[in-house]
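*Asks:* Dropping the structure in here first, questions after.
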Amino acid sequence: AEDGIRDLVRSRGLGDVYKRQIFTSSLKTPNMKRIILITALLFIVSCQQESKMDPNINPFFQEWNTPYEVPPFLDIKDEHYMPAYEQGMKENLEEIDLIVNNTEAPTFANTIEELERTGELLSRVGRVFSNLASSNTNPQLQELQRELSPMLSAHYDKISLNEGLFNRVDAIYQNRENIDLTSEQAKLLNDTRKGFVRSGALLSEDQKERISGINSKISGLSTSFGQNLLAETNGFELILEDSDLDGLSDGVIAAAADAASQKMDSAKSDEEKDKYNDKYVFTPHRSSMYPFLTESTRRDLREKLYNSYVMRGDNNNDTDNKKIAAQIAKLRAERAQIMGYKTHAHFVLEENMLKSPEEVYELLIQLWKPAVKRANVEVADMQAVANAEGQNFDIAAWDWWHYSEKVRKEKYDLDESLIKPYLSLDNVLKGVFNTTNKLWGLTFTEIFDLDLYHPDARIWKVSDKDGSHLGIFIGDYFTRSNKRGGAWMSSFKGQSNLDGMERPIVVNVCNFPAPVGDNPALLSFDNVVTLFHEFGHAMHGTLTNVKYGSMAGTSGPRDFIELPSQLLEHWASEPEVLKSFATHYETGEPIPDDLIEKLLNASKFNQGFINTEYLAASLLDMDWHTISADEDLKDANKFELESMKKVGLIGEIAPRYRTTYFAHIFSGGYSSGYYSYVHAAVLDSDAFEAFKEVGDVFDKDLASKLRATIYSKGSTEEAMDLFVQFRGRKASIEPLLKVRGLDGSE
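For the sequence shown, the working numbering assigns the number 1337 to the last residue and increments by one with no breaks.
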């Protein structure tokens, strides 16, 4: 009976009920579990809804009569995507033709607003496909990605390089002084025209053709880079026996045993099953690797696992990314040159808050010097501990987590394992929900009768302070092999007020350790900060309230959209907030004040490492994208080595992302923009200082102002203007230096 119910809840996308309602730690006796299981079965059966979709028609071609227009995930099959994409592209081009061939003179309404309305079907299928290809992929979706990548690139080039369409947009722009436009409309007009120009609208036909070819090549290479990285991350396993577990805590061992058990369950042969029988598995996924690097006393195994992580994409095999990265950088440089820019970074930064590579380098170097200085002190502290133990080696990169934890225990009497029991996933979610409730009056109501794309995913209805519907929030938190690494926010539906009120469906995807046995998922404090960060993005996407969908939510400059996410992180470490949700998962006791004090005292600990590895990656990104189009880039590793040597990166630290697994810049949207996190940190530290100045981190007036000027505006105004509206001035770097202990105070 138990097995049957487990299969039912998993197949119906009700893993949340299975994990949280049935096997919680408070249900210790088998009989109690069986009672709850049968009750859960009755509950599940009672809340199942028969699909309203016609099984003979592609779901993307039908109206979604689901609550809140949540995609009918269980009705969507892999074979539905390509026909929907093809039809979506066809309809999109037909819509563009209607605009171009309109015999009436170009107006804002018949051109700009109509352009906003185009591509509805393409957007619908694209949002579902791109989200699932990242968070719940399979070989079929990966093959579709490879097929679709050049097709979509060519499709969007047909629109952005459409001369007739640009001429209509440009005619409106040239006459803008004689048109009565709102400030939002004026910015949309300017942004729309600029988008065409930056896509090559003013180029010759030969140049346009070359730009289109470059875009197609980059798109295909970026897809290959991301798929190679996923294969490399999943391609290494550290399989251990009982004798290899020295130093590991019971929780880490249990998680590794569970990982091996899952491998056994999915094994296709007895020989493969034997490979994992009574074994323990660790992988380069951070949720698996970091606990091992921290706790294991087996230095040889730490080195092996660490190197499996930093060598991803650099193994001279079929999934090697060195040549791909260099090709992408070269193509971007050529495209920028054709567009009339010195480098790709100059092209990208024109649209950001920092407008030139020189400004970015200046900010990074300003932080680099104190960060490396601090990192050298941290190395010396760790070396002293190793020497005191009688070890006969110099601290290396794979020793950092292990010995920094020892230093932290010694300096601050803080043990990460003592914090985790208070930080169950449900507790932290309660904390972030309560935080946004106290700031803006939001409420989150979990929904149990909607099928999602994976049993781990959960869904909530978000209501505003007046009870009105604000949006839908989906959370997908646990690591799995078919999910790409990292954490991110995306959406299944955007926000718009153009043709009635359309509220968004946003999703947070993370890679936290899954529950083991009867215990809930327990997070590290770093995981907590990540959850608050991604939830900040989700709030940016949920609180947005603009007329035009292209300007909604996270549509602004890259170095501004990290502000709403990083700003929310500050509340995670506030004692008032911690005490509201951090309760022990077994006893229910709140986190002790002395543990909070230790956590806060250690907040600036290891900041040399954290800042150095991040800044190294940011500098590497800038170096890759300030090359000229004719620069020789045959050896990506040599380029990276020279880049890091130039700034003096110490050997004990690797860039947070080496070239071959730097997905942010080679298969994501952060090229010449990885620095954005630190520029946003200047903004968010200064913005949170406003709450500190009034002495109340939940000050109603400030919270209301923050929502009105930052979280709800999307890209309807210039980013710097929005910040100044909130703060009353431009940001100062001093609060950031103080927060990170880089001001000499620590």
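From the three backbone atoms N, C-alpha and C, an ideal C-beta is built for every residue, glycine too.
#1: Buried or exposed for THR934, going by 16 or more other Cβ atoms inside 10 Å?
#2: Look at PRO646 and TRP655 and say whether their C-beta atoms are less than 8 Å apart.
#3: For ARG1094, which residues from the same chain have a beta carbon less than 7 Å from its beta carbon, with the 5 sequence-adjacent residues on both sides left out?
#4: Compute the minimum distance between the beta carbon of HIS1131 and the heavy atoms of the ligand SAH, and state whether it is under 7 Å.
#5: Which residue from MET1213, ARG715, VAL1288, ILE703 puts its Cα closest to that of LEU1159?
#6: Give a yes or no on whether the C-beta atoms belonging to ALA822 and THR888 are separated by under 8 Å.
#7: Counting C-beta neighbours from all protein chains within 10 Å, is the total for ALA962 16 or more, i.e. buried, or is it exposed?
#8: Considering Cα atoms alone, identify which of PRO697, ILE690, VAL872 is closest to THR709.
#9: Please say whether TYR867 and LEU884 have beta carbons closer to each other than 8 Å?
#10: Would DSSP call SER1081 helix, strand or coil?
#11: Taking GLU1037 as part of the alpha helix (DSSP H), name the residues at either end of that continuous run.
#12: Could you check whether GLU1125 and SER1156 sit closer than 8 Å to each other, using their CB atoms as the reference points?
#13: Where DSSP assigns a beta bridge to HIS1216, which residues make up the other side?
#14: Verify whether the separation of the beta carbon atoms of ASN727 and TYR1044 is less than 8 Å.
#15: If we cut at 8 Å on Cβ distances, does ALA1048 have a partner in chain B?
#16: Quick check: what's the CA-CA separation for ILE613 versus PHE1069?
#17: Taking DSSP as the reference, what is the three-state secondary structure of TYR1265?
#18: How big is the Cα-Cα spacing for ILE703 and LEU1154?
#19: Would you give the residue range spanned by the beta strand (DSSP E) that TRP1051 belongs to?
#20: Since HIS1060 is in the alpha helix (DSSP H), which residue starts that stretch and which ends it?
#21: Assign TYR1252 to one of three DSSP states: helix, strand, or coil.
#22: Go through its chain and collect everything with a Cβ distance to ASP669's Cβ below 8 Å, but skip five positions before and after it.
#23: Got a sec? Which residues, its chain only, sit under 7 Å from ILE802 by beta carbon, not counting five neighbours each side?
#24: Output needed for TYR1261: all residues of its chain with C-beta closer than 6 Å, excluding positions within five of it in sequence on either side, in chain order.
#25: Can you give me the C-alpha to C-alpha distance between SER1303 and HIS1131, rounded to a whole angstrom?
#26: Cβ atoms of PRO650 and HIS671: under 8 Å apart, would you say?
#27: Shortest alpha-carbon distance to PHE652 belongs to which of ASN825, CYS1101, ALA675, PHE664?
#28: Which same chain residues end up closer than 7 Å to PHE938 when comparing Cβ atoms and leaving out the 5 residues on each side of it in sequence?
#29: Is it buried or exposed, GLU980, if we count other Cβ atoms within 10 angstroms and call 16 or more buried?
#30: Using the rule of at least 16 other Cβ atoms within 10 Å of the residue's Cβ for burial, across every protein chain shown, is THR1026 buried or exposed?
#31: Counting only the same chain and skipping the five closest in sequence on each side, list residues whose C-beta sits under 6 Å from that of ILE1187.
#32: Determine the direct distance from the alpha carbon of VAL901 to that of GLU894, and round the result to whole angstroms.
#33: Have a look at LEU1333 and ILE956 and give me their C-alpha separation to the nearest angstrom.
#34: Which residues bound the alpha helix (DSSP H) around ILE956?
#35: Can the beta-carbon of ALA1269 be found less than 8 Å from the beta-carbon of LEU958?
#36: From VAL976 to PHE984, what does the alpha carbon distance come to, in whole angstroms?
*Replies:* Considering the structure as presented:
#1: Residue numbering aside, residue 934 sits at position 343 when the sequence shown is read from its first letter. It counts as buried.
#2: What you label residue 646 is simply residue 55 of the sequence shown in a count that begins at 1. What you label residue 655 is simply residue 64 of the sequence shown in a count that begins at 1. In this structure, PRO646 lies away from TRP655, with their beta-carbon atoms at least 8 Å apart.
#3: For this step, residue 1094 is matched to residue 503 along the sequence shown. Correct list, in chain order: HIS1060, LEU1061, GLY1062, GLN1086.
#4: The model depicted lacks the ligand SAH and carries no ligand whatsoever.
#5: For the purposes of this step, residue 1159 is taken as the residue at position 568 of the sequence shown. Per the Cα distances, VAL1288.
#6: Mapped onto the sequence shown, residue 822 falls at position 231. Mapped onto the sequence shown, residue 888 falls at position 297. No, the Cβ-Cβ distance between ALA822 and THR888 is not below 8 Å.
#7: For the purposes of this step, residue 962 is taken as the residue at position 371 of the sequence shown. Buried is the call here.
#8: By one-based count along the sequence shown, residue 709 stands at place 118. Nearest of PRO697, ILE690, VAL872 to THR709, Cα basis: ILE690.
#9: Taking the sequence shown and counting its residues from 1, one reaches residue 884 at position 293. Taking the sequence shown and counting its residues from 1, one reaches residue 867 at position 276. No, the pair does not count as a contact, with Cβ atoms beyond the cut-off.
#10: The residue labelled residue 1081 in the question sits at position 490 within the sequence shown. Here SER1081 carries a strand assignment [DSSP, helix/strand/coil].
#11: The sequence position of residue 1037 within the sequence shown is 446, counting from 1. Run containing GLU1037: none in the alpha helix (DSSP H); it sits in the beta strand (DSSP E), 1034-1038.
#12: Taking the sequence shown and counting its residues from 1, one reaches residue 1156 at position 565. Taking the sequence shown and counting its residues from 1, one reaches residue 1125 at position 534. Cβ distance < 8 Å, so SER1156 and GLU1125 count as in contact.
#13: Position 625 of the sequence shown, counted from the start, is the residue given in the question as residue 1216. None, per the DSSP bridge assignment.
#14: Locating residue 727 in the sequence shown gives position 136, where the first residue counts as 1. Locating residue 1044 in the sequence shown gives position 453, where the first residue counts as 1. In this structure, TYR1044 lies closer than 8 Å to ASN727 by Cβ.
#15: The structure shown contains no chain B; it holds only a single protein chain.
#16: Position 22 of the sequence shown, counted from the first residue, corresponds to residue 613. Position 478 of the sequence shown, counted from the first residue, corresponds to residue 1069. Interpretation of ILE613 is limited by its pLDDT of 45, a score under 50 that renders its predicted location unreliable; no figure is taken from the coordinates.
#17: Locating residue 1265 in the sequence shown gives position 674, counting from the first residue. In the structure shown, TYR1265 falls within a coil segment according to DSSP collapsed to helix, strand and coil.
#18: Stepping through the sequence shown from its first residue, residue 703 is reached at position 112. Stepping through the sequence shown from its first residue, residue 1154 is reached at position 563. The alpha-carbon atoms of ILE703 and LEU1154 are separated by roughly 29 Å.
#19: In the sequence shown, counting from the first residue as 1, residue 1051 sits at position 460. 1049-1054 is the extent of the beta strand (DSSP E) around TRP1051.
#20: Your numbering for residue 1060 matches position 469 in the sequence shown. Here HIS1060 belongs to no alpha helix (DSSP H); instead the beta strand (DSSP E) covers 1060-1069.
#21: As a position in the sequence shown, residue 1252 is number 661, starting the count at 1. Reduced to three states, the DSSP call for TYR1252 is helix.
#22: Position 78 of the sequence shown, counted from the first residue, corresponds to residue 669. ASN729, GLN731, LEU732, LEU735, listed in sequence order.
#23: On the sequence shown, position 211 is the one that residue 802 refers to. Contacts found: GLY791, LEU794, ARG926, ILE929.
#24: Translated into the one-based positions of the sequence shown, residue 1261 becomes position 670. Cβ neighbours of TYR1261 beyond the five flanking positions: HIS1255.
#25: Translated into positions along the sequence shown, residue 1303 becomes position 712. Translated into positions along the sequence shown, residue 1131 becomes position 540. Between the alpha carbons of SER1303 and HIS1131 lies a distance of about 7 Å.
#26: Position 80 of the sequence shown holds residue 671. Position 59 of the sequence shown holds residue 650. Contact flag set, yes.
#27: As a position in the sequence shown, residue 652 is number 61, starting the count at 1. ALA675 is the residue among ASN825, CYS1101, ALA675, PHE664 whose C-alpha sits nearest the C-alpha of PHE652.
#28: In the sequence shown, counting from the first residue as 1, residue 938 sits at position 347. Here the set comprises ALA927, MET930, TYR932.
#29: Counting from one through the sequence shown, the residue named residue 980 turns up at place 389. By the Cβ-count criterion, GLU980 is exposed, with fewer than 16 other Cβ atoms from all chains shown falling within 10 Å of its own Cβ.
#30: Mapped onto the sequence shown, residue 1026 falls at position 435. Here THR1026 is buried. Its C-beta has 16 or more other C-beta atoms within 10 Å.
#31: Mapped onto the sequence shown, residue 1187 falls at position 596. Taken in chain order, the residues that qualify are PRO1166, LEU1169.
#32: Within the sequence shown, numbered from 1, the residue matching residue 894 stands at position 303. Within the sequence shown, numbered from 1, the residue matching residue 901 stands at position 310. Near 11 Å, if we compare the C-alpha coordinates of VAL901 and GLU894.
#33: For the purposes of this step, residue 1333 is taken as the residue at position 742 of the sequence shown. For the purposes of this step, residue 956 is taken as the residue at position 365 of the sequence shown. Taking the straight line joining both Cα atoms gives about 13 Å.
#34: By 1-based counting over the sequence shown, the position of residue 956 is 365. Counting along the chain, the alpha helix (DSSP H) containing ILE956 begins and ends at 948-979.
#35: Within the sequence shown, numbered from 1, the residue matching residue 1269 stands at position 678. Within the sequence shown, numbered from 1, the residue matching residue 958 stands at position 367. Here residue 1269 is Val; the residue named in the question, Ala, does not match the sequence. The answer is yes: Cβ separation under 8 Å.
#36: Reading the sequence shown from its first residue, position 385 is the one you call residue 976. Reading the sequence shown from its first residue, position 393 is the one you call residue 984. Cα-Cα distance, rounded: 12 Å.
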